[in-house]
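Chemist:
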Amino acid sequence: MKSFFLILLSLQTLASFLPENMETVEVDNTFMEKSNRELYEIELDNFRGFYNMSNLEVRLAWERNDVNAYASREDGLMVITILGGLIRHKQMNIQTFQTILCHELGHHFGGVPYKQGRWATVEGKSDYYATNTCLKEYIANEDNQNFMKMHKDESSQIGLCASNDYLCQRLILSGKNTAEFSHKLSNTRRGNRFPFPKLTRQDSSIVTQTMEEHPAPQCRLDTFKAGILNESYPKCWYFNDGVN
Numbered sequence: 000m001k002s003f004f005l006i007l008l009s010l011q012t013l014a015s016f017l018p019e020n021m022e023t024v025e026v027d028n029t030f031m032e033k034s035n036r037e038l039y040e041i042e043l044d045n046f047r048g049f050y051n052m053s054n055l056e057v058r059l060a061w062e063r064n065d066v067n068a069y070a071s072r073e074d075g076l077m078v079i080t081i082l083g084g085l086i087r088h089k090q091m092n093i094q095t096f097q098t099i100l101c102h103e104l105g106h107h108f109g110g111v112p113y114k115q116g117r118w119a120t121v122e123g124k125s126d127y128y129a130t131n132t133c134l135k136e137y138i139a140n141e142d143n144q145n146f147m148k149m150h151k152d153e154s155s156q157i158g159l160c161a162s163n164d165y166l167c168q169r170l171i172l173s174g175k176n177t178a179e180f181s182h183k184l185s186n187t188r189r190g191n192r193f194p195f196p197k198l199t200r201q202d203s204s205i206v207t208q209t210m211e212e213h214p215a216p217q218c219r220l221d222t223f224k225a226g227i228l229n230e231s232y233p234k235c236w237y238f239n240d241g242v243n
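Rendered as structure tokens:
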């Protein structure tokens, strides 16, 4: 019984990027995997350097096979933990990884609305914070024009970004990649079969109270997009009760 309550307490003090899922990716120690790890560890160091705060700790739990990332509070520290299975997943890329880091930072700094009785910002607001604040400032000074020359731009074609707004285009691409990753992992959970998220589609659901947990992948894409374009929180997860 004691161990049950310890597990329950642990779950209540974590805020994750993905819902709990059964996906795992084991360590295989190949040269390719070691090179991949080095690439993501460089990105982690860049993120730590950019958000250099004495009470923020960003960790990599490489040996963990689970595909997820978590925010937690420990003895006055704000902690972000990246699990090894997330990096090793075949659909992971740097753009998605940066957005996930920013989502986890959003649990610490996103503000209201919070998960009931907890310190963590709700999932939808953490998604919004990821693209509206964190990622926007994190990649603002990179060569986004050159980056977009190497990637397909859908955003300007459908009127989301100006043809010369390369930061906007890159942010949209990051949000799209991350929502697609969320879709992939959400559909590994038994009974969940969400439609594939698209920039030209919108989640039409309207909640009657703010959702604390993970929205559907399309709603998450709508939220990433709203954050980039400084639009209101989508109604597929946010309910304006006049308080938050």
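Heads up: the sequence shown at position 43 corresponds to 42 in numbering that gives the first Met the number 0, and the numbers run straight through without jumps. C-beta atoms are modelled at their ideal positions from N, C-alpha and C, and glycine is treated no differently.
(1) For the pair the stretch 84-96 and the stretch 109-118, tell me if three or more CB-CB distances fall below 8 Å.
(2) Please go through the stretch 109-134 and give each complete alpha helix (DSSP H) segment of 4 or more residues, from N-terminal end onward.
(3) Should K151 be labelled buried (16 or more other beta-carbon atoms within 10 Å of its own) or exposed?
(4) Just the Cα atoms here: how many angstroms apart are F49 and Y137?
(5) For a minimum of 4 consecutive residues, which ranges assigned as the alpha helix (DSSP H) are wholly contained in the stretch 146-221?
(6) Let me know the secondary structure DSSP gives S53 once reduced to three states.
(7) Taking only the alpha-carbon atoms, compute the straight-line gap between N64 and S204 and give it to the nearest angstrom.
(8) Give the C-beta separation of L184 and N20 to the nearest angstrom, bearing in mind that I take them to be a contact with Cβ-Cβ under 8 Å.
(9) Given this structure, state the Cα-to-Cα distance separating G105 from N140, to the nearest angstrom.
Modeler: Reading off the structure:
(1) They do not touch, by the three-pair rule.
(2) You should have 122-128.
(3) Indexing the sequence shown from 1 puts residue 151 at position 152. K151 should be labelled exposed.
(4) Counting from 1 along the sequence shown, the entry for residue 49 is found at position 50. Counting from 1 along the sequence shown, the entry for residue 137 is found at position 138. Cα-Cα distance, rounded: 7 Å.
(5) With a minimum length of 4 residues, the continuous alpha helix (DSSP H) runs that stay inside the stretch 146-221 are 165-185.
(6) Start at 1 with the first residue of the sequence shown, and residue 53 comes out as number 54. Coil, per DSSP.
(7) If you number the sequence shown from 1, residue 64 lands on position 65. If you number the sequence shown from 1, residue 204 lands on position 205. Looking at the backbone, the Cα of N64 and that of S204 are separated by about 34 Å.
(8) In the sequence shown, residue 184 corresponds to position 185, counting from 1. In the sequence shown, residue 20 corresponds to position 21, counting from 1. Indeed, because the Cβ distance is near 5 Å, the residues count as touching under 8 Å.
(9) By 1-based counting over the sequence shown, the position of residue 105 is 106. By 1-based counting over the sequence shown, the position of residue 140 is 141. One C-alpha to the other measures close to 21 Å.
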